[in-house]
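In my numbering, the protein residues as written are -18 to 226.
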């Protein structure tokens, strides 16, 4: 293939471009939101540099503006980001082959979108390519935050809301790349969305726990389906192969 002569890190930067394109408008919206909540620019940018988790950062700023104490903000953000433990278990299958320093560097930049893009690649995960993807996405995130903070006063509220919707479009695009390989790839998304909606509507769990539990149940949906199919419905056709015909 043509990209064999391109350094793995640069390939990762190239892979990060669609992710960065989705992150920039969301980061701009976050920067503007942080400014409106009363955070200093240094605080907003430092949060994006060190936390690098969009949903958790929006949640933290929202709780901060509502007067929530620091401990509750930290706990809520940790609960919301608990899904990253699932990402790490998948990457760990490849990581045992990597040099040890990568074991500590790779997890920091393993966002939802980076994980989805890396796992969608049919080739084994290369730590240098993964790091290029993470650096590109991370730079877009904190850079967009700084721009959004500076331009916050000039952005209409309606535009800020529209920028925030870019995250959902990015998730949809990443999901589509998996569905092209297998129709069953949509099963975890449907299950997780249904469970999360049920928790939110019923009020059984706080928002942070509802998101985390729904993500875990959704992640288990596909292997559970495959196990049941293998045991009880092994005569049924493979939907993924049928879709490729």
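Here a beta-carbon is modelled for each residue, glycine too, at the ideal position from N, C-alpha and C.
Counting along the chain, where does the alpha helix (DSSP H) carrying residue i start and finish?
i	result
residue 108	108 to 131
residue 184	Careful: residue 184 lies outside any alpha helix (DSSP H) and carries neither H nor E.
residue 19	That residue, residue 19, is in no alpha helix (DSSP H); it is neither H nor E in DSSP.
Could you tell me if the beta carbon of residue i falls within a distance shorter than 8 Å of some heavy atom in the ligand GTP?
i	result
residue 73	This structure does not include the ligand GTP; it has no bound ligands of any sort.
Short of 6 Å in beta carbon distance, which residues of its chain neighbour residue i, apart from the five on each side in sequence? Order them along the chain.
i	result
residue -5	none
residue 42	14, 15 and 18
residue 54	41 and 44
Only counting the same chain, and skipping five residues up and downstream in sequence, which positions put a Cβ closer than 7 Å to that of residue i?
i	result
residue 160	166 and 167
residue 96	68
residue 223	Residue placement at residue 223 is poorly supported in this model, since its pLDDT is 47, which falls under 50; the coordinates still yield a value, given next. For residue 223, where only same-chain residues beyond five positions count, there are no Cβ hits under 7 Å.
residue 102	none
residue 185	none
Hey, out of the options, whose CA is closest to residue i's CA?
i	options	result
residue 128	74, 14 and -8	14
residue 121	-3, -13 and 210	-3
residue 195	172, 30 and 82	172
residue 85	111, 164 and 7	111
residue 33	52, 21 and 59	59
residue 201	139, 36, 75 and 64	64
residue 7	123, 204 and 213	123
residue 74	82, 100 and 42	100
residue 138	16, 77, 199 and 48	16
residue 131	-9, 20 and -8	20
residue 199	180, 211, 183 and 174	174
residue 40	105, 57, 104 and -13	57
residue 31	98, 126, -13 and 203	126
So, with DSSP's three-state summary, where would you put residue i?
i	result
residue 163	coil
residue 48	coil
residue 32	coil
residue -18	Summary for residue -18: the model assigns pLDDT 46, below 50, so the residue's position carries little reliability, and this model does not support an answer.
residue 203	helix
residue 223	Confidence is the limiting factor: at residue 223 the pLDDT is only 47, short of 50, which leaves the residue's position unreliable, though a coordinate-based value still follows. It is helical.
residue 63	coil
residue -1	helix
residue 192	helix
residue 54	helix
residue -12	coil
residue 136	coil
Please list, in chain order, all residues of the same chain as residue i whose beta carbon is under 8 Å from its beta carbon, the five residues on each side excluded.
i	result
residue 79	87 and 108
residue 23	none
residue 118	-3, 0, 1, 4, 90, 92, 94 and 95
residue 226	Low confidence applies here, because residue 226 scores a pLDDT of 49, under 50, leaving its location unreliable and the question unanswered by this model.
residue 209	none
residue 134	16
Suppose only complete runs of 4+ residues qualify. What are the alpha helix (DSSP H) ranges in the region 69 to 112, listed by chain order?
81 to 86 and 93 to 101
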